[in-house]
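Numbering (the working numbering), first residue to last: 876 to 1194. Each remark here refers to the structure printed beneath this line.
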């Protein structure tokens, strides 16, 4: 009798385990959340032009998400400005960019982030490390470009790798991206030094190597943008839309009309942020507590999340 009971109990235990396993399998297959790269691909599949605010820290990431933006670009130029107080001339290291990404990701976990991987911070093997790290940390995409590093000691021009070296960097990035599914945005900076024909040839080469998105930096006019979009063979093309550089800077509406799919304004938040800091400093020098454009204390506390923190903390307070 004891043996019979033991066998029945074991059978019931196995049955429960099987039901749990089936439920867990169905649950994983049907309800597993989308990864950041999958979410970005879904966003890009929609007909709308995608504007990505250029972010550099936790605050800019969270404000962008709360303003209704689904995605953002972790901008190397903005990170350089905020961390170094200086220009974007290859002075930022991989560790600093990755740390900035971690801040943005933690502050706005649901924000789809395209990370600026710059030139990959070294050779093709460095590119692979850069792509893997951003992918495993939750970036949706990473930008890799063909500039020479270390940079020549001048702010003028953008000397670039040979076409074959650029091919190897993109090939390395695409291979490394398979581990996490992160998308690769391949950028060429060679237009000012090598001309539009070479730039278009590189975009075609990036497509051959499996890049997911393309970026022609510093197009001279709309015709060059159209050539670059055509060379992308239907893959999404990225554009910088902030004025001031030696490049064609279309509006978001015009960019969409030209066939571009994604765009960012690197100075759109950075410039007024600097202006706001200068206004605050000027107010202090004048003996005032705040600049005219300052937020009220209550609004500032709300934006920074003091009230939300206190609400969550109530569950852990001692009587």
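All C-beta atoms, glycine included, are put in the ideal place defined by N, C-alpha and C. Nothing here was measured: the structure is a model prediction, and the numbers come from that model.
With fewer than 16 other Cβ atoms from the protein chains shown falling within 10 Å of its own Cβ, residue 1193 counts as exposed. Where residue 925 is concerned, there is no enclosing alpha helix (DSSP H), although the beta strand (DSSP E) around it starts and stops at 925-930. When the Cα atoms are used, residue 1183 and residue 1020 turn out to be separated by approximately 41 angstroms. The three-state secondary structure of residue 1156, taken from DSSP, is helix. The residue from 1155, 998, 1088, 1007 with its alpha-carbon nearest to that of residue 916 is 1088.
In the three-state reduction of the DSSP assignment, residue 976 falls in the helix class. Comparing C-alpha distances from residue 1018 to each of 967, 913, 992 shows the shortest one belongs to 992. Between the alpha carbons of residue 1094 and residue 1045 lies a gap of roughly 21 angstroms.
Relative to the Cα of residue 1010, the nearest Cα in the group 1055, 1034, 995 belongs to 1055. Contact between the region 1108-1122 and the region 1131-1151 is established, with three or more Cβ pairs separated by less than 8 angstroms. In this structure, residue 1106 lies away from residue 1073, with their beta-carbon atoms at least 7 angstroms apart. A straight line joining the alpha-carbon of residue 1003 with that of residue 995 spans about 8 angstroms.
The shortest C-alpha to C-alpha distance from residue 986 to any of 941, 1075, 1101 is the one to 941. In this structure, residue 1051 sits near residue 1007, with a CB-CB distance shorter than 7 angstroms. For residue 1075, the three-state secondary structure derived from DSSP is helix. Restricting attention to 1096, 952, 1142, 929, the CA atom closest to the CA of residue 944 is found in 929. Ranked by Cα distance from residue 939, the options 1164, 1060, 988 are led by 988. When secondary structure is reduced to three states using DSSP, residue 1138 falls in the strand class. Comparing alpha carbon positions, the residue from 1171, 984, 1024, 1070 closest to residue 1102 is 1070.
Taking every protein chain shown into account, the CB of residue 1161 has fewer than 16 other CB atoms within 10 angstroms, so this residue is exposed. Counting C-beta atoms within 10 angstroms of its own C-beta, residue 1191 has fewer than 16 neighbours from the protein chains shown and is therefore classed as exposed. Assignment of residue 991 by DSSP, reduced to helix, strand and coil, places it in the strand class. If you draw a straight line from the Cα of residue 1124 to the Cα of residue 1118, it is about 6 angstroms long.
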